[in-house]
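Have a look at the structure below, then the notes.
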Amino acid sequence: MSITYLKNNVLQCMKFARQQNRAGRKLWTNVLEIPFVEYAVTTRCTLRCKKCSNLIPEFKSKTDISLERAKREISRFLEYVDYVYRFKIHGGEPFLYPWLPEFLNWLSSSDKIGEIRISTNGTVFPGDLLLESMKKTKVIVFVSGYPKTIAPKRKEILQLLVDHKVRIRDLDDQVWYDTGGCSEREMSDSELQKMIRDCAMANSKALYNDYFYLCSRCANGERLGYFTEMSKVRLSGDTENVREQLKKMYELKTCTGCRHCDSVNQNGIPIPPAEQYQEKI
Ligand code: SF4
Ligand code: SF4
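Adding 3 to a residue's 1-based position in the sequence shown gives its number in this note's numbering.
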């Protein structure tokens, strides 16, 4: 096992296992646990943030993934791995996803998923069914900390979640970094390696269309046609082979999407969160 795999996967899993009372779990040499993975359910959003790291304003056609497809893709992924500590639902804005309550109920019933995170931008009031499904112990709702001018009902939405005993994290101290446009950057292999090593999103990983990506921006950059991502894993075929490839995603030294990005580096210069496009793009 390489030091990089140990740092990016094993130590993360050990930390989350303690938090989720799984520290005494049985481990075997060929275990494959996933610390964190994201899944986008929609490209619809109520906001049009200029520096959206997921590139959502650039999607011309706004679509929801069908519930059947979401279940099929995630079931397939779960067949290849032993456990997922943090499964994050994002978008666009997940509260706009019409099947979110059923989707949450379905995810919550999986014994391979420890915690389900939903990130909402704090502009959409959840309905009764959704509130009920979010009460589940595995679910935590992360509410972005956008200013009142952008998310004027944010405090009311937070209060509604609290009143319904939904577990929340109020991201009111959220810091944004500019990941830049999607043109290709000139950089050496060693600069690229350093960038991947230092990027806060490189360990978030993302699922899309039966592929496992380094991050959601890589998945969306490819969806938008900016590049063909060479460093992704097709979730299909021989189990051992796919598991080996998934493990290698935690020690990547190269990634096409990262060559088209400025990275999320906490030593970088913060920008104001969620600044909006006024004009059509
Ligand atoms: S709220 Fe802003 S950052 Fe979040 S998905 Fe929508 S456009 Fe992107
Ligand atoms: S540097 Fe790579 S991992 Fe980081 S945000 Fe950009 S594309 Fe994602």
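Just so it is clear, CB atoms sit at the ideal spot from N, CA and C, and this is done for glycine as well.
Please read all numbers here as calculations on a predicted model, not as lab measurements.
Residues sharing a beta bridge with residue i, DSSP
i, result
"S147", "L174"
"W179", "I274"
"R120", "K91, I143"
"D67", "T45"
"E36", "Y86"
"Q279", "C52"
Cβ shell of residue i (< 7 Å), same chain only, five flanking positions each side left out
i, result
"W109", "K74"
Exposure label - residue i; buried when at least 16 CB within 10 Å
i, result
"Y42", "buried"
"A154", "buried"
"W179", "buried"
"G130", "exposed"
"K91", "buried"
"V165", "exposed"
"Q269", "exposed"
"G260", "buried"
"L30", "exposed"
"R89", "buried"
"N11", "buried"
"T45", "buried"
Close Cβ partners of residue i (< 6 Å) along its chain, the five nearest in sequence each way excluded
i, result
"N223", "N57, L58"
"A20", "A26"
"S266", "M198, C202"
"G183", "D265"
"W248", "Per the sequence presented here, residue 248 reads as Gln, with Trp not at that position. Contacts found: V236."
"S219", "E41, N57, A209"
"Y211", "A222"
Other residues of its chain near residue i: CB distance less than 8 Å, five sequence neighbours each side excluded
i, result
"V127", "T49, E96, F98, L99, I160"
"D176", "G148"
"T231", "E225, T259"
Rounded Cβ spacing between residue i and residue j (contact assumed at less than 8 Å)
i, j, result
"K208", "F39", "6 Å"
"V142", "K115", "Contact flag wrong, Cβ pair sits at about 16 Å."
"V169", "M204", "Going by Cβ atoms, the distance from V169 to M204 rounds to 26 Å, so no, they are not a contact pair."
"Q279", "C52", "6 Å"
Within-8 Å CB hit, residue i to chain C
i, result
"S186", "This model lacks chain C altogether, as it is built from one protein chain only."
Original post:
Around ligand 1, which residues pass a check of Cβ closer than 5 Å to any of its heavy atoms?
Top reply: C48, L50, C52, C55, I59, N124
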